[in-house]
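Residue numbers (this note's numbering), protein chains in the order written: chain A, 242 to 725; chain B, 604 to 705; chain C, 4 to 140; chain D, 13 to 330; chain E, 115 to 612.
Glycine included, C-beta positions come from ideal geometry on N, C-alpha and C.
Here is the structure we will look at.
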Amino acid sequence: MDLDSLIVLAPLIAMTVTAVTLMLAIAIRRNYFLVNGIAGFGIVLSLLLIGPAWHKSSLQAIPLLNIDHYALFFVALLLLAGLAVLGLCHDYFKQREGENEELPLLLLTALLGGSVLAASSHFAAMFLGLEILSISLFTLIGYPVNRPRPLEAAIKYLVLSGVSSAFLLMGIALLYAESGELDFIGIEDFIDAHRPLNFVMLSGVILIAAGLGFKLSLAPFHLWTPDVYEGSPAPVTAFIATVSKGAVFVLLLRLWVTTGSYRYAPLLTVFSFIAMFSILVGNLQALLQKNIKRLLAYSSIAHMGYLLVALIAGASIARPLVIESAAFYLVAYFITTIGAFGVVSVLSTPQQEAGDVTILRGLFWRRPWLAGTFTLMLLSLAGIPLTAGFIGKFYVFTSGADGRLWSLLASVIIGSGLGLYYYVRIIVEMSMNSSEEVMSESTPKSREWLSTVILAALSLLLVWFGILPGHLIDRIQSIAISMR
Amino acid sequence: MSAIPAEMGLMLSGLLFVLGLIGVLARRNLIMILMSLEVMLNATGLAFIVAGSKWGQADGQILFLLVLTLAAAEVGIGLGLALQIFHRFKTLDADSINQMQG
Amino acid sequence: MNAEVSPAANLLPLIIYFGAILLITAAMLGGAYLLGQRHRAQAADEPFESGIVPTGDVHIRFSVHFFLMAIFFVIFDMETVFLFAWSVAVKQAGWMGFFEASMFIGILIATLIYLAAIGALDWRTRRQRRDAPVNRP
Amino acid sequence: MNAELGQASDIVGILASVIFVAAMLIWVERRLLAIWQDRLGPNRVGPLGLMQVAADMIKMFFKEDWIPPFADKGVFVLAPTIVFITMLLGFAVIPFTPGIGIIDFNFGLLYFLALSSLSVYSVVLAGYASNNKYSLLGGLRAAAQTVSYEVFMGISIMGVVMQSGTFNLREIVEAQRGCWFVVPQFFGFIIFLIAVIAESRRAPLDLPEAEQELVAGFHTEYSGMKFGMFFVGEYVAIILSSAIIATLFFGGWLGPWLPPLVWFCLKTGIGVVFFILIRGALPRPRYDQLMAFGWKILLPAGLLNLVATGAVVLASSG
Amino acid sequence: MILSALIAVLAVGGFAAWISERWHPNAPRWTAIATLALEALLAASQFSGNHAAETPLPGRSAAWLAEVDLPWIPRFGIGFHLATDGLSQLLIALTILLGSMAASCSWTEIGKRTGFFYFNLLACLAGTVGVFLAVDLFLFFLFWEVMIIPMYFLISIWGHENRTYAAIKFVIFTQVSSLLMLLSIIVLVLVNYHRSGAFSFDYFALLNVPLAPDLADWLMLGFLIAFTVKLPAVPFHTWLPDAHTQAPTGGSVILAGVLLKTGAYGLLRFVIPLFPDAAHRFAPIAMTLGAVSVLYAAMMAYAQSDIKRLVAYTSVSHMGFVLLGVFSWNLLAIQGAVVTMLAHGLSAGALFMVAGFLQQRLHSREFGDMGGLWQAVPRLSSFMLFFVMATLGLPGLGNFVGEFLVLLGAFKVNPIVTSVAAFALILAPVYALVIIQKACHGPWQNRQPLTDCGFRELASLGVLVFVSVWLGLHPQSVLDVSAPALRQTVLYLNAREP
């Protein structure tokens, strides 16, 4: 390992060092603001270090990690998301009793895991990243231990995530037994040499798909999602929905593209069914929900389905377009989801987690800016123009149409229609006249200025990328082309 | 271990894996579920060892160590959560903990 | 190990040794069972609690520290495994490996400091802690 | 592979002598303690009370083989055999002399560590199966103590492994031709010594069975031969620990003039006597002190020792 | 640049209206009026500056009068490309007129959150103007969607009792259908991309893409469904009665007067030029749908007891004429369709205004609560009578001209369907009479006296009467403006026909 590799790895190292520093800082003195400050500083530092890494990033730093532009772009995205979530957490947990200093620490380790995942080019790294991420998430979800819901969510997530990890590992083991390779590139060579898909390989790949499907909450494996979303503290939910899923998707995309799994037609069929299923099930179930977080959970299932459409389209369209579509969609999805859960987080009080839709009634007239932000986020989720979500959906449509996936596109359209119904229903709820007793509720504004800043920034980004996506597209295009 | 064919080892680990999965699905006690989870993870560990020895590489064993670490971490947090759950719900029965539905 | 000798043959002495130990154990227990006297008395069938009549349930609630200790053990024991691997290969791994291992150990020690600071390693009861607050690290 | 190892004579000889010595230790310990405490000790049965062991043995065989009706019977019987068997099994890898020993195992040290951790089952199961509050608490204490010190034990001897570059106990002995490892690995030795005492739950670290608090801890409900197994198991553990210490830190069979076997027995014997001396000399710490000491001092010390050793090994190997 | 200003003024005015509520609750109203006045000035200067084919754009056919073309998302060849021809000019003029009407009739009706109301109103108008101007398909789609959301807010916040249901239905119908259109656009672009190697969403670049017949059919269908939903034609019309009925008066006016026209505009601007062959194959079905709409909606109108609902069904009926005309494939019928669009915008808008004024006074839209209005509010009733007559196609008013031209043109192509549609000329008086009879005649049964039209109402309705009469008496002025554009459309048809 020489200096160059060190530079390339610097963002990850910075995160690790920050995490350890945080731990020691807590050991010396518990101070919520200090700890949050250090964490924020660490994330910003990592973000800054991405700059030098970007110029050196053509090399495979260590055998396990391939820190190319693709990885760095997503690491940056994850870090930014982490920063936003950290801000939301700061306001959310400020008022809550208990020792909340460890939260940023866990957030950092989870981010580290996600970043490793985004950069991994080897099953061992992938496994490590995934587990660092998941294990941090267990604790993050169950962080408010004195409330039953988070506990329930945490144990559910733990068990199901454990099962999915086991699936994933078994799949990797089977692949390894068959090919003798744990490297993505090695697997590609293997696939090159032995075209037919035998039983062991197939079961291995299916198990891996199931394992990743769990983490992405794709349809037959989605059962944990609503409960976990509902039970987790709102900022943590934002984290799960974005960083965790995003990192896994980034990995899935790299796995597919580098190993050339597109060659196996049966896999495409399986994935198509998963995508269709996710879109339909997610949207249909979301129709029935009365709880915002559950609703967003089902909607995120559907969104993962949309993303998968872009992935599947890769079988027959140019590779850069696939990566471009997925990347833009992810960016839009990140902004939107964090924004939406950010609003939920701001609405939550230490006494009561914002959940039921009725809590939104009349929000437009009580807190117009908050309601406006939420509306914007919902419109973006629904894919209405002038928001980033629309450009994302446009990308999905383009790649799907280019790949001639008509049935999938049909389900995307049906899903969007259904989606519109429940998104709009929330907007309706917000624009209803609220009863007077709710009106009189005090709105302590000063305590959540950080959340306000974050939400404002997210809204601006959302509209900016919706109206002038050119810059982002250029950047994404360059990473899409640079990926081997 | 060259005396034992790799297929047998894989089958054994597959069997353990399925047993663990059945345990996770069928058991109602949280501790039992966690234990079944461990069985699943260890089954994958076995599969790695078998695969590694089939190719004569150390990679399988290294991954086995990683799997063990994961299992340890998972069970650590899992038991911690189980303790809190028992403290709060006065039970470890998975069905009575399941309050969120829909 | 010698590659030509099959593992089973290699382990043969150990297996015989194990068999012998089992035999001895069985002989000791079996002999005692056969030779031992029998008697019945009412008090003998009660759990021993320093000579008084046992009270309460056996399933007492015990300190959460036992539990913490179990978790720490599981985690730290796993970490030592990695150190074991480094120990045998310390020369092959070279200085690079040394730095990596030092980082690993550094993080472990940082964790220990953290655990000590939050009081997770403090077994004293609340009363003991109150009586001797100076001792607190 | 050393073809001389693992002969039938080795197996029988080792087994017999270990059990014999362990039994004799009952007498030795009582005599020695008595001497240090300025009293007589067992001296009625046979010359110097030497036949005391035989008498105890016979007594045990004829005592009632009592299994409490409230106990979990299968586990209750199983528990004492575990410690007995695992400790005896530990001798399989001990390199008595270049030609004596049961097996030459490449991972001998790991094997020893594995067996010594298995012995914790014995106390936990005994505590659980007895269905007695004292037993349960004792068992838990024992478990916590044993597993904690196991971590430090493993780490403390890794310095030795580093210097010799192997887990094979025979090669470790050979590596000490120049200098006994007790010199460069003095810290490791101290940690290991403490860990071993805690591991075998000997006084002064016998908190799990501290009679003032817990009657007799996990073996409160045991009597007769099953109690005897715990009892003998403990002595076997002492011998095993001494043998390992001799092997790892004091050059095993190495030594001038005398034959290897004698050297080995001598070193082991000194170790055993030292253990007994410690029991007689030191007071028992409080349980929280014991645990805190382990985690807060021994573990970091062990880790630092490891780092330092690594640096030294690397520096000296160029 | 005036073209971009046309959109920007409305958008900025909308925000200004929203913010101005802070100082005075009345300020948004004046801001809206001022914005619309400015918009009218801009439009007038734009349209008078280059009249009817005198200044053709270089490289474009004669019909195009002005354009703005800025790069926007170069990755996909998307540009901010606006252009105008006679057709869009007419529709923009209609939009501005009805926008002012909507602003005026909301003056007293909307008491709460006026800022946000006028913001939505103006935003919706901005979107509509954008739709009429955009010649980049991506941009068109964008404006198409943008005009829906404010309208949704208008209905769901200020609407009547059943507003939530109506608003959601409206959004879902229009959105899902527009997604089909988006898909068609993308596929069309991709076909062009694979042929030429460059992405382009430009209308002019996509005009001459050769398509396989069945692909063309599917793509055309995607556009057609989006436009017929908006139009609406019969199978897709069910959102309209709900939306119109539940919307506040201003919303109804915009919805009926302007938004429906975007569907017809889309047919003329996109469906026929982009897919002439496919459209031609589809023409008989479309005409049948048109005829069915005409008749079915007229019959439904007859059965209504809610005045706004009745007017809503008459809209469907009139839009059936438009569909019929557009697919009749000759200049006469298409001209008729355009005139019908304008005339219907005026008459239906006015009727919704009347209905709104009545509701403000009676707090009901049911005919059962009316009757005898002649005595109570004579001026309002006479306006009502006038516009009902306009709706049923009284000669001398705009609707008559439009329907007559459509039937005339369509008869040449498909006599049977045309004859069936002509039945509507009989049905229309029937429902018209229903309105007059139930609402105006009979005894003034009840209750407190009502105030008749105020100056504001009088002025607004008066303007509409004037324009309507002018359209009926001097349709040639309108026909002249739209002729070059429509002739171009017909040219596409004839060029492609085998």
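What does the alpha-carbon distance come out to for the pair residue i and residue j?
i	j	result
THR510 of chain A	LEU329 of chain E	24 Å
GLU677 of chain A	VAL669 of chain A	Unreliable positioning characterises GLU677 of chain A in this predicted model, as indicated by a pLDDT of 49, which lies under 50. A coordinate reading is not provided.
SER672 of chain A	ILE133 of chain E	18 Å
GLY102 of chain D	GLN19 of chain D	17 Å
PHE689 of chain B	GLY383 of chain A	14 Å
PHE199 of chain D	LEU369 of chain A	34 Å
ILE655 of chain A	ILE520 of chain A	9 Å
LEU443 of chain A	ASP430 of chain A	17 Å
ALA317 of chain A	LEU438 of chain E	56 Å
MET401 of chain E	LEU572 of chain E	39 Å
ILE625 of chain A	VAL243 of chain E	18 Å
ILE717 of chain A	ILE192 of chain E	17 Å
LEU305 of chain A	LEU682 of chain B	31 Å
Spatial neighbours of residue i within its chain, please: C-beta separation below 6 Å, excluding the five flanking residues on both sides.
i	result
ALA46 of chain D	LEU52, GLY53
Is it right to say residue i is buried, meaning 16 or more other beta carbons lie within 10 angstroms of its own, or is it exposed?
i	result
GLY596 of chain A	buried
CYS567 of chain E	buried
MET411 of chain A	buried
PRO591 of chain A	exposed
ILE540 of chain E	exposed
GLY705 of chain B	Per-residue confidence for GLY705 of chain B stands at a pLDDT of 49, beneath the threshold of 50, marking its modelled position as unreliable; no derived number is given.
ILE18 of chain C	exposed
GLN526 of chain A	buried
Listing by chain order, which chain C residues have their CB less than 8 Å from the CB of residue i?
i	result
VAL261 of chain A	GLY109, ILE110, ALA113
MET367 of chain A	Those within 8 Å of MET367 of chain A in chain C number zero; the least Cβ separation is about 19 Å.
VAL173 of chain D	PHE87, SER90, VAL91
So, for residue i: in the same chain, excluding its five sequence neighbours on each side, which residues have a beta-carbon less than 8 Å away from its beta-carbon?
i	result
SER723 of chain A	ASP309, HIS310, TYR311
VAL65 of chain D	ALA35, MET36, ILE38, TRP39
PHE512 of chain A	ALA450, LEU549, LEU552, ILE553
In terms of DSSP beta bridges, what is residue i paired with?
i	result
GLY112 of chain D	What sits at residue 112 of chain D in the sequence shown is Ile, not Gly. For ILE112 of chain D, which the question treats as bridged, DSSP gives the partners D:THR109.
ALA180 of chain E	E:THR198
ALA248 of chain E	E:LEU196
ASN306 of chain E	The partner list for ASN306 of chain E (beta bridge, DSSP) is empty, contrary to what the question assumes.
GLU429 of chain A	DSSP lists no partner for GLU429 of chain A.
Going along chain B in order, which residues have a C-beta closer than 7 Å to the C-beta of residue i?
i	result
PHE379 of chain A	ILE680
ILE600 of chain A	Chain B residues near ILE600 of chain A: none, gap ~17 Å exceeds 7 Å.
Can you name, in chain order, every residue of its own chain whose Cβ lies under 7 Å from the Cβ of residue i, other than the five neighbours on each side?
i	result
ALA216 of chain E	LEU235, GLY364, VAL367, ILE368
GLY113 of chain D	LEU17, ASP22, ILE106, PRO107
Find the residues of chain D that neighbour residue i, judging by a C-beta separation of less than 9 Å, and give them in chain order.
i	result
ASP80 of chain C	SER129, VAL159, GLU162, VAL163, GLY166
Using a Cβ cut-off of 9 Å, pull out every chain B residue sitting near residue i, in sequence order please.
i	result
VAL84 of chain C	LEU668, LEU671, THR672
Quick one: list the residues of chain A neighbouring residue i, beta-carbon separation under 9 Å, in chain order.
i	result
ILE700 of chain B	PRO389, LEU392, GLU393, ILE396, LYS397
Could you tell me which chain A residues have their CB closer than 8 Å to the CB of residue i, listed as they occur along the chain?
i	result
ALA676 of chain B	GLU372, ILE376
ARG493 of chain E	The premise fails here: ARG493 of chain E is roughly 34 Å from chain A at the closest Cβ pair, so nothing lies under 8 Å.
Which residues of chain C have a Cβ atom closer than 9 Å to the Cβ of residue i, listed in chain order?
i	result
GLY683 of chain B	PHE70, LEU71, ILE74
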